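Asker: Sharing a structure, written as structure tokens. Questions coming.
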Amino acid sequence: MTTMPDQPALSSRDALTGLADADHARSLLDRWCGAAAQDTRRVPVQAMMLGLGRFDTINLAYGETVGDSALVEVARRIRLMAEDEFEEGDWLVARAGGGQFLVAAREACSRERWQWLAEAMADAVAAPISIPGGTQAVRLWPRLALVRVLPGERSEHVLDRLASTLERAKDLPAARIAWAGHVHALPGHRSAELEADLLAALDRDEIEIAIQPQYSLASGCLVGGEALARWQHPTIGRIGAAALFAIAERADHVAHLSRHIAERSLAIAADWPAPLRLSLNVTPNDLATASFAREFAALVSESGFPPERLTLEITEHVLLTDLENAAEKLGRLAEGGMRIALDDFGGGFCNFGYLKLLPLDYLKLDRSMITGIVEDARDRAILRAIVAMADALKLKVIAEGIETEEQRAIVAEEGCELFQGFLRSPPVNAAEFAALAKAAVGKAGLPR
Numbered sequence: 015m016t017t018m019p020d021q022p023a024l025s026s027r028d029a030l031t032g033l034a035d036a037d038h039a040r041s042l043l044d045r046w047c048g049a050a051a052q053d054t055r056r057v058p059v060q061a062m063m064l065g066l067g068r069f070d071t072i073n074l075a076y077g078e079t080v081g082d083s084a085l086v087e088v089a090r091r092i093r094l095m096a097e098d099e100f101e102e103g104d105w106l107v108a109r110a111g112g113g114q115f116l117v118a119a120r121e122a123c124s125r126e127r128w129q130w131l132a133e134a135m136a137d138a139v140a141a142p143i144s145i146p147g148g149t150q151a152v153r154l155w156p157r158l159a160l161v162r163v164l165p166g167e168r169s170e171h172v173l174d175r176l177a178s179t180l181e182r183a184k185d186l187p188a189a190r191i192a193w194a195g196h197v198h199a200l201p202g203h204r205s206a207e208l209e210a211d212l213l214a215a216l217d218r219d220e221i222e223i224a225i226q227p228q229y230s231l232a233s234g235c236l237v238g239g240e241a242l243a244r245w246q247h248p249t250i251g252r253i254g255a256a257a258l259f260a261i262a263e264r265a266d267h268v269a270h271l272s273r274h275i276a277e278r279s280l281a282i283a284a285d286w287p288a289p290l291r292l293s294l295n296v297t298p299n300d301l302a303t304a305s306f307a308r309e310f311a312a313l314v315s316e317s318g319f320p321p322e323r324l325t326l327e328i329t330e331h332v333l334l335t336d337l338e339n340a341a342e343k344l345g346r347l348a349e350g351g352m353r354i355a356l357d358d359f360g361g362g363f364c365n366f367g368y369l370k371l372l373p374l375d376y377l378k379l380d381r382s383m384i385t386g387i388v389e390d391a392r393d394r395a396i397l398r399a400i401v402a403m404a405d406a407l408k409l410k411v412i413a414e415g416i417e418t419e420e421q422r423a424i425v426a427e428e429g430c431e432l433f434q435g436f437l438r439s440p441p442v443n444a445a446e447f448a449a450l451a452k453a454a455v456g457k458a459g460l461p462r
């Protein structure tokens, strides 16, 4: 069986969240640090530990079942951000125990970027988490400890430094980010500078659009791509979509950023041959805008890209604030020919009410639903049940995070329709995707 580098085996995963467990994290950190010590280039390793303040009160107020579900959702949010920010095989997300999570990466990363990723991680975790079976939501209050691993340092020392820094941070109510080694967090004026940089970058069209190719499981041919935003900041380095939107949120530029991404993505896709599809993500700010459906439909019309070839992807987080409002706006866009996908399905609370109320065409499985299907018969049984439910509702299923041929074969056998993942292609730039599309046309590979 082939596996992606450094991915934990089933026996090395946390039973609740599916993340790597503490033993795997220590082993991998030691391996990375040892490799860095022997490499003349010394690829740096950095780590952060996230702790959930007052988490015990969630268990007391709502019960352990809700507490466990909240931990699963926190794990999903952290993992999604890591996937978005780092190259495959160069990052680790693990549950360190209780309400603590470890994130580590081995790549050149400025101190400013590592701190901003921590800020974005904290924002993502602090967003409301819905309670199953009700209309309430809980909020968690994360703190993070950051460290740049020293040459030759062992994992136990790294984890001790992070844990002690996190413990000290509890005595600093106003600070949610702390650096190990008594290094102070970066001053606040840098936040304002980065927000100003973002506005300038939008004006100069410096936000890049990457495309994650999607393929048919039946034929193996290219069927479209999902648009992803990236920002190559001149001093901080690459900033992925999650951190990018966190910066925009602080600067009140979310609407501007979201429209910019949609405009650029539609312009890129306008040159794609039919019937290749474009998938765009919809944000909570989009759906909170009263005129969103009308303005977005006009934007698509102006771009010249056929609405029938456009898919809008939404997540549970987008739907938390006002489900009826979201359903109404998405319904109007669906009437105009656009398709709707519920993204990250299976990674959160799986509120099945969404399947009834929303005008859905696709279920897009969370990567956590795919990870164990080769090794664990229960994971495969869950996949089979979800596909059967989707089929009964006349919904197509998209599998993301496909990394091995074994995973691809299983999701095909179980009835999924489309897939994306590193097995076939990582996200590529617009020119590279155009080359993929041209090759597909040349081989008569595009579906009709």
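With my numbering as the guide, the letters of the sequence shown map in order to residues 15 to 462. Even glycine gets a Cβ: it sits at the ideal position worked out from N, Cα and C. Given the structure is predicted, the values throughout are model-derived calculations rather than measurements.
#1: Using three-state DSSP, classify Lys184 as helix, strand or coil.
#2: For Leu36, tell me which candidate among Asp98, Glu97, Val107 has the shortest Cα-Cα distance.
#3: Note down, in chain order, each residue of its chain lying with its Cβ closer than 8 Å to the Cβ of Lys184, except the 5 sequence neighbours on either side.
#4: How about Ala402 and Lys410: do their beta carbons lie closer than 9 Å?
#5: I need the straight-line Cα distance from Glu349 to Pro320, nearest angstrom please.
#6: Consult DSSP for Ile275 and reduce its assignment to one of helix, strand or coil.
#7: Distance, Cα to Cα, Leu85 vs Phe69?
#8: Sorted by chain position, which residues of the same chain lie with C-beta nearer than 6 Å to Asp300's C-beta, five sequence neighbours on each side aside?
#9: Once you ignore the five residues that flank Leu371 on each side, which residues in its own chain have a CB closer than 8 Å to its CB?
#10: Just checking, does the region 155–175 make contact with the region 219–235 on the three C-beta pairs under 8 Å criterion?
#11: DSSP three-state label for Ser382, please.
#12: Anyone know if the C-beta pair for Leu131 and Glu99 falls short of 9 Å?
#13: May I have the straight-line CA-CA distance separating Pro201 from Glu133, to the nearest angstrom?
#14: May I have the straight-line CA-CA distance separating Arg168 from Val161, to the nearest angstrom?
#15: Specify the secondary structure class of His198 as computed by DSSP and reduced to three states.
#16: Just grab the DSSP bridge partners of Trp245 for me.
#17: Please classify His203: does DSSP put it in a helix, a strand, or coil?
#18: Nearest-angstrom Cα distance between Leu30 and Asp104?
#19: Relative to the alpha-carbon of Gln150, which residue among Glu389, Glu263, Ile72 has its alpha-carbon at the smallest distance?
#20: Using three-state DSSP, classify Lys370 as helix, strand or coil.
#21: For the region 250–262 and the region 422–429, state whether three or more C-beta atom pairs, one from each stretch, are separated by less than 8 Å.
#22: Quick one: what does DSSP say Gln421 is sitting in, helix, strand or coil?
#23: Hey, quick one: how far does the alpha helix (DSSP H) through Asn299 stretch, first residue to last?
#24: Is it right to say Gly81 is buried, meaning 16 or more other beta carbons lie within 10 angstroms of its own, or is it exposed?
#25: From which residue to which residue does the alpha helix (DSSP H) around Glu128 run?
#26: Between Ile145 and Arg153, is the Cβ-Cβ spacing less than 9 Å?
#27: For Ala210, list the residues DSSP reports as bridge partners.
#28: Quick one: give me the first and last residue of the beta strand (DSSP E) that Ser293 is part of.
#29: Any idea what DSSP makes of Phe115, helix, strand or coil?
#30: Given a cut-off of 9 Å, decide if His267 and Leu208 are closer than it, judged by their beta-carbon atoms.
#31: Rounded to a whole number of angstroms, what is the C-alpha to C-alpha distance between Leu407 and Val172?
#32: Quick check on the DSSP output: the alpha helix (DSSP H) that includes Phe359 runs from which residue to which?
#33: In terms of residues, what are the limits of the beta strand (DSSP E) holding Phe69?
#34: With a CB to CB cut of under 8 Å and the five nearest residues on each side skipped, what residues in its chain are close to Pro58?
#35: Just to confirm, are Ala281 and Ser317 a CB contact at a threshold of 9 Å?
#36: Can you tell me where the beta strand (DSSP E) with Ala192 in it begins and where it stops?
Answerer: Per the coordinate set shown:
#1: Locating residue 184 in the sequence shown gives position 170, where the first residue counts as 1. Note: Lys184 maps to coil in three-state DSSP.
#2: Taking the sequence shown and counting its residues from 1, the one referred to as residue 36 is at position 22. The amino acid occupying residue 36 in the given sequence is Ala; Leu does not appear at that position. When only C-alpha atoms are compared, the closest one is Val107.
#3: The residue labelled residue 184 in the question sits at position 170 within the sequence shown. The beta carbon of Lys184 lies closer than 8 Å to those of Gly67, Arg157 in the same chain, with the five residues before and after it left out.
#4: Here residue 402 refers to the residue found at position 388 when the sequence shown is read from its first residue. Here residue 410 refers to the residue found at position 396 when the sequence shown is read from its first residue. At the C-beta level, Ala402 and Lys410 stay beyond 9 Å of one another.
#5: As a first step, residue 349 must be located in the sequence shown, where it is residue number 335. As a first step, residue 320 must be located in the sequence shown, where it is residue number 306. The alpha-carbon separation between Glu349 and Pro320 amounts to approximately 13 Å.
#6: Looking up residue 275 in the sequence shown gives position 261. For Ile275, the three-state secondary structure derived from DSSP is helix.
#7: By 1-based counting over the sequence shown, the position of residue 85 is 71. By 1-based counting over the sequence shown, the position of residue 69 is 55. Distance between the alpha carbons of Leu85 and Phe69: 10 Å.
#8: Working through the sequence shown from its first residue, we reach residue 300 at position 286. Taking C-beta separations shorter than 6 Å and ignoring five residues to either side along the sequence, the partners of Asp300 in its chain run Ser272, Phe306, following chain order.
#9: For the purposes of this step, residue 371 is taken as residue 357 along the sequence shown, with counting starting at 1. Contacts found: Leu337, Glu338, Ala341.
#10: With the cut-off at 8 Å, the region 155–175 and the region 219–235 do not touch.
#11: Locating residue 382 in the sequence shown gives position 368, counting from the first residue. Annotated three-state conformation of Ser382 is helix, per DSSP.
#12: For the purposes of this step, residue 131 is taken as residue 117 along the sequence shown, with counting starting at 1. For the purposes of this step, residue 99 is taken as residue 85 along the sequence shown, with counting starting at 1. The beta carbons of Leu131 and Glu99 sit closer together than 9 Å.
#13: The residue you call residue 201 lines up with position 187 of the sequence shown. The residue you call residue 133 lines up with position 119 of the sequence shown. Bear in mind that a pLDDT of 49 at Pro201, under 50, signals an unreliable position, so the number given afterwards is only what the model happens to contain. Pro201 and Glu133: Cα-Cα distance of roughly 13 Å.
#14: In the sequence shown, residue 168 corresponds to position 154, counting from 1. In the sequence shown, residue 161 corresponds to position 147, counting from 1. Put simply, the backbone Cα of Arg168 is about 13 Å away from that of Val161.
#15: In the sequence shown, the residue the question calls residue 198 occupies position 184. Here the model assigns His198 a pLDDT of 47, short of 50, so the residue's position is not dependable and the matter cannot be decided.
#16: Stepping through the sequence shown from its first residue, residue 245 is reached at position 231. BP columns for Trp245 point to Ile221, Ile253.
#17: Here residue 203 refers to the residue found at position 189 of the sequence shown. Unreliable positioning characterises His203 in this predicted model, as indicated by a pLDDT of 40, which lies under 50. The coordinate reading is nonetheless provided below. Helix.
#18: Along the sequence shown, one-based indexing puts residue 30 at 16. Along the sequence shown, one-based indexing puts residue 104 at 90. Between Leu30 and Asp104, the C-alpha separation is close to 24 Å.
#19: Position 136 of the sequence shown, counted from the first residue, corresponds to residue 150. Nearest C-alpha to Gln150: Ile72.
#20: Within the sequence shown, the letter at position 356 stands for residue 370. Three-state DSSP puts Lys370 in a helix.
#21: Contact between the region 250–262 and the region 422–429 is absent: fewer than 3 CB-CB pairs across the two stretches fall below 8 Å.
#22: Your numbering for residue 421 matches position 407 in the sequence shown. For Gln421, the three-state secondary structure derived from DSSP is helix.
#23: For this step, residue 299 is matched to residue 285 along the sequence shown. Counted as a single uninterrupted DSSP element, the alpha helix (DSSP H) harbouring Asn299 occupies residues 298–302.
#24: Within the sequence shown, numbered from 1, the residue matching residue 81 stands at position 67. When all chains shown are included, Gly81 counts as buried.
#25: The sequence position of residue 128 within the sequence shown is 114, counting from 1. Sequence check: residue 128 is Trp here, not Glu. Counting along the chain, the alpha helix (DSSP H) containing Trp128 begins and ends at 125–140.
#26: As a position in the sequence shown, residue 145 is number 131, starting the count at 1. As a position in the sequence shown, residue 153 is number 139, starting the count at 1. Contact flag unset, no.
#27: Along the sequence shown, read from residue 1 onward, the residue named residue 210 stands at position 196. When beta bridges are read from the DSSP output, Ala210 appears opposite no residue.
#28: For this step, residue 293 is matched to residue 279 along the sequence shown. Unbroken beta strand (DSSP E) run through Ser293: 291–295.
#29: In the sequence shown, residue 115 corresponds to position 101, counting from 1. Of the three classes helix, strand and coil, the one that applies to Phe115 here is strand, per DSSP.
#30: Reading the sequence shown from its first residue, position 194 is the one you call residue 208. Reading the sequence shown from its first residue, position 253 is the one you call residue 267. The answer is no: Cβ separation not under 9 Å.
#31: If you number the sequence shown from 1, residue 407 lands on position 393. If you number the sequence shown from 1, residue 172 lands on position 158. If I take the Cα positions, the gap works out to 49 Å.
#32: Your numbering for residue 359 matches position 345 in the sequence shown. Element bounds for Phe359: not the alpha helix (DSSP H) but the beta strand (DSSP E), 353–359.
#33: By one-based count along the sequence shown, residue 69 stands at place 55. Careful: Phe69 lies outside any beta strand (DSSP E), inside the alpha helix (DSSP H) at 69–76.
#34: Along the sequence shown, one-based indexing puts residue 58 at 44. Short of 8 Å from the beta carbon of Pro58, and not among the five residues preceding or following it, lie these beta carbons of its own chain, in chain order: Ala50, Arg120, Glu121, Ala122, Cys123, Arg162, Val163.
#35: To locate residue 281, count along the sequence shown from 1; it is residue 267. To locate residue 317, count along the sequence shown from 1; it is residue 303. With respect to the 9 Å criterion, Ala281 and Ser317 are classified as neighbours on the basis of their beta carbons.
#36: Locating residue 192 in the sequence shown gives position 178, counting from the first residue. DSSP places Ala192 in the uninterrupted beta strand (DSSP E) bounded by 191–193.
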